[in-house]
Each structure stands twice: as C-alpha cells, then as structure tokens.
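Chains as they are written, first to last, in the numbering used here: chain P, -6 to 31; chain D, 102 to 606.
Below is one structure, written out as structure tokens, with a few remarks after it.
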C-alpha cells in the first residue's frame, strides 16, 4: 500500500501522467518546425 | 450596514477586476487590424500561449465540477484529470502544429478558414461549422455565466441576477476593448492565480483532512471501489466510470475537447512555430499537477465531511467549502479570486470565439467580402455585446437541463469537428461532400444519442462515442464515393500523413 492505495493502482494513477510527460518531451526533441517565415 | 469583512471582500475582488480592465485598455491600443483583434496579431510568446491554451480549457467546471466529482466518486474519475490536460497536447500536436503552419502561409484567422480552404467550400462548410460553433458556444457560455454567478453569490451574498450583470459587464468590457490580446494576457494572470492558489491551498486542505493515507482509508470505508481506477459495473448513480465508459471518456475529453474552436484557434495566434516543440509538455505538466490537486481536494472534502469537521451543501461546493474551512477569515477572500479566475478564463475566450465566428466567418466571408478591417472589428464588438446580453438573459433562468446541455455541447464538438479536421489534415482522399456529411450526421446523431441516453435508456458509453463513430464512417464512405479533391487544393493545404511541413515542397 502506498498512500492508502494498492501498489498497482498507485503506480498506474501516478505513472501514466509521468509517462505522457516523457513522451511529450520526446515530441519536443523530434518535432522539426521547419523554416520560420517571420 | 456594510461591515469591514464585506468591504475587504469587495476591495479584493474590485482590485482583481481593475487589473483585468487595465489589461483590456492596454490591449485596445495594440489593435489596428482584424488579425490584431482576432489573433493578437499572431504575436503571442511561448508562456502567454501556454497559459492562454490552458486557461481557455480550464472552465468553472474544472475547478468546481471535478473536485465535486472526486467528492462523489473517488479515484475512478481520476482519468478526467489526465484526459483534460492531455487534450491540450493533442490539440497542439495533432491538430494545431500543422494547421498553424498552413494558416501562416495561407492567412487563416479561424479554424473555419482552414475548413473552407481544405474542403474548397468557401460558404457551405464554413456556414455549417460557423452555426455549430455559435450554437454550442452560446450554451456553453450560459453554463459559464451560471458558474460565475455561483461564485459571486457565494462571495458577496448578492442575488443571482446582480451577480450576472456584474460578471457580464466586466468580461464584456475587456473582451470588447482588447480582443485576443486582452484575453491572452488576462488568462495569463488568471492561469497564474489558479496555479499558485491550488498549489498553496491543496496541501493545507489535505493535511487538515488527515493526510493522503487517511483520506484514502475514509474513501475505502464508504465504498471499496472508490480507491480503484474504475467501477466494475454501474450499481449506483455515482458508479458510472466503468472501463468501457472510460474509453469513451478518453475520446470525449482527450480527443474531442481540444478540437473546440475556443481552444484550437489559439494555435493560430503564436509568434513562432518552434513553440510547438515544448508547449505540449509545458502545458500538460503544469495542468496535470493542478488537476490532480483539485481532484484530491474533492477527496479531502469527503474525508472532512465524513469526520464531521465540515458540511458541504452539494458536491460541486466541496472545493469552496474546503477553502473556507482551512483558511482564516482574513486570507480566504484572496483565494476567492482563484475560483473566479477559473470561471472567467473560459468565458472570455468563448465570447471572443462567438464574436469572431459571426463577424469574420459569417459576415466578412459569406455576406460582405468587401467589408474592411475596421468594419469587421466593429461588428465583432457588436456581436460580443449582443452575446453578453443574450447569454445573461438566458442564464437568469438557466434551463433545468443545463449540465446535460453542457455535456451535449462537448459531445457535439467531438462528433462535428474532430473527424473533418483530422481527415482534412492527414487524408488526401477526404472530400468536401464527405466533410459536410460527417459534420451534419455527427451533429444530428449526437443530439439523438444524447436524447436516448437521457430519456430512453442509459447507454454503456458516453453518448458522443456513438455519433463520433457514425461521423467517421460517413466521412470515409461519402469521400470514397464522391469525386476526389482537386490536386491543387491538396498541394496548397499540405494534406498528407505527416505533421512537419517542408516549405520548399
């Protein structure tokens, strides 16, 4: 039990947002915005 | 007789309103063209854009409604706290980054400009989209004004009608004066107020409620399923979040909400395309922390009530009641502004969206193409004024089905906008006829399934899931049986299965 939640539930509830943030960080690394036209 | 405490509250809220008005007046000096008014001159910096898109998404229901939902349902609705921040990232990455680039090259001011260009339909599809935007936005706005009124009535003990007039006048004035410049900068202030307020308040409330472990043990004692991540079946009014329902909730919130014009139009206003690299992670990370804290405040409120330390008149009041409970009288009025900021930040953006749709898409592009910039901006301001009056009158006697109508509007957004937007951006075979048929069938079937769910039989998934699937099927079938889009349209709108655009193409 972590903060009164089963371990599995705790890791899913708090792990998914962290995982999404990591994926979005990877997007930031790979996205090429191309030439700025201004 | 007015007491000192009342004067103090009036002073705090008045100070906040004065700051908003100063921003509106400052912003009005920057406005010279329609693009200045509608899109802040396409000149928004990184953080102003991040706060604008987060605050546009953060409605009154985000703060009051999602803590209220946490109070009633426990952890199974924590997914809402992930899906809503995720929609900002989905909006930027899958809809916005590409559309903004095309928009910069093609001169779009609204998402309807993109639809008209991509689906070679200067009037038809623009008209259908415009009418959908105005209808759903007006309903949404009535809900937002009702939420603002709840907060002002709570703060001052004034009547609902008085609260509506005060709120309507303030929001109308700064939107009318400063357009998106004013909305963007006031939303930055409001966004900061929400973040600081929630981050400071939540730990105090959680501590007062006995800490996270204790709060969760209280939830488990009410119903053991409240400390799981979904309900196994619908066995009570609150136990709606079954796994299959949560799948439809993902599409509704993470995929559908981000396609709302009052959210997606923000991407057309950025100064530089490179902001789309790290804006998704910045917006998601800030937003998800705030959203989790808001939900946990709802859990804490339930714990405080179960312990007999506090009473809550109804679930959506749990955030407000918790703030009042933990803070001394001298401090809590400052945090009222946080709640007020949350409810006002969506209201202003939606008002501007309606004004822009009516004046730019319908008046300028469909009725009078020769209208000059001054006239379009004047008409936008007139529409914003008319919308303020109409929605306040509607909100004085809000329909009994207001909450249902608001869910209906988000469902309609998923069913009407997502399919033509994604098909338009990524599928070369998507045709004008397919997009029109998808929009009309999406709208009609969303209303039909919403009605069935409410009055005939409860559906296992959110009603919008069914209309969303219908819109996808209609888009594909009608596109394939109609003449392919002209090659020059596909080329100039950079249609294809890619996000980054090479301009030398």
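Yeah, the Cβ is synthetic: ideal placement off N, Cα and C, and Gly gets one too.
No experiment lies behind these values; they were computed from the predicted model shown.
Cutoff 8 Å; reference residue 427(D); Cβ partners in own chain excluding five residues on either side: 302, 305, 306 and 309
Can you give the beta carbon distance from residue 241(D) to residue 510(D), rounded, assuming they're within the 8 Å contact cut? 5 Å
Taking the alpha carbon of residue 507(D) as the reference point, which residue from 476(D), 565(D), 464(D) and 486(D) has its own alpha carbon closest? 565(D)
Using a beta-carbon distance below 8 Å, is residue 4(P) in contact with chain D? no
For residue 485(D) and residue 276(D), believed in contact at Cβ under 8 Å, the rounded distance: 6 Å
Identify which residue in 416(D), 362(D) and 144(D) has its Cα closest to the Cα of residue 401(D). 416(D)
Per DSSP, which one or two residues make a beta bridge with residue -5(P)? -2(P)
Residue span of the alpha helix (DSSP H) that contains residue 568(D), given as start and end: 564 to 582
Using C-beta distances below 6 Å, list every residue in its chain close to residue 606(D), excluding the 5 sequence neighbours before and after it, in chain order. Because residue 606(D) carries a pLDDT of 47, less than 50, the predicted location of this residue cannot be relied on, and no value is offered for it.
From 392(D), 546(D) and 515(D), pick the residue whose C-alpha is nearest to that of residue 7(P); which is it? 392(D)
I'd like to know if residue 35(P) contacts chain D, where contact means its C-beta is closer than 8 Å to some C-beta of that chain. Chain P is shown from -6 up to 31; residue 35(P) falls before or after that span and cannot be answered.
Pair every Cβ in the segment 317 to 334 of chain D with every Cβ in the segment 174 to 187 of chain D, then say whether three or more of these pairs are closer than 8 Å. yes
Name, going along the chain, the residues of the segment 13 to 30 of chain P whose beta-carbon falls closer than 7 Å to a beta-carbon of chain B. In the structure shown, chain B does not exist; the protein chains are P and D.
At a Cβ threshold of 8 Å, is residue 379(D) touching chain P? yes
Tell me the DSSP secondary structure of residue 440(D) in three-state form. helix
Expressed to the nearest angstrom, what Euclidean distance is found between the alpha-carbon atoms of residue 591(D) and residue 219(D)? 7 Å
Is the Cβ-Cβ distance between residue 363(D) and residue 238(D) less than 8 Å? yes
Which one of 480(D), 558(D), 260(D) and 437(D) has the shortest CA to CA distance from residue 298(D)? 437(D)
Would you call residue 326(D) buried or exposed, if buried means 16 or more other Cβ atoms sit within 10 Å of its Cβ? buried
Just to confirm, are residue 398(D) and residue 183(D) a CB contact at a threshold of 8 Å? no
When you compare only the Cα positions, how much space is there between residue 514(D) and residue 159(D)? 17 Å
Would the beta-carbon of residue 476(D) be found less than 7 Å away from any heavy atom of the ligand NAP? The ligand NAP is absent from the structure shown, which contains no ligands of any kind.
So, does the CB of residue 385(D) fall closer than 8 Å to a CB anywhere in chain P? yes
DSSP bridge partner residues for residue 477(D) (one or two, in chain order): Answer is none; residue 477(D) lacks a bridge partner.
Taking residue 469(D) as the query, report the chain P residues whose CB atoms sit under 8 Å from its CB, ordered along the chain. Per Cβ cutoff of 8 Å: no residues; residue 469(D) is ~30 Å from chain P at best.
Cα separation between residue 489(D) and residue 273(D)? 6 Å
Interface residues of chain P around residue 367(D) at Cβ under 8 Å? Ordered by position in chain P, no residue passes the 8 Å Cβ test against residue 367(D), which lies about 17 Å from the chain.
Does the CB of residue 317(D) have a neighbour CB from chain P at under 8 Å? yes
Touch test, the segment 438 to 445 of chain D against the segment 473 to 482 of chain D, Cβ-Cβ under 8 Å, three pairs minimum: no
Under 8 Å, do residue 412(D) and residue 406(D) count as touching if we go by C-beta distance? yes
Which residue comes first and which comes last in the alpha helix (DSSP H) that contains residue 309(D)? 261 to 309
Residue 394(D), DSSP secondary structure in three states: helix
With H, G and I counted as helix, E and B as strand and the rest as coil, what does DSSP make of residue 145(D)? strand
So the candidates are 128(D), 151(D), 408(D) and 448(D); which of them puts its Cα closest to the Cα of residue 289(D)? 151(D)
Verify the CB distance criterion: does residue 148(D) have a CB-CB separation below 8 Å to chain P? no
For residue 435(D) and residue 113(D), what's the separation of their Cα atoms in angstroms? 7 Å
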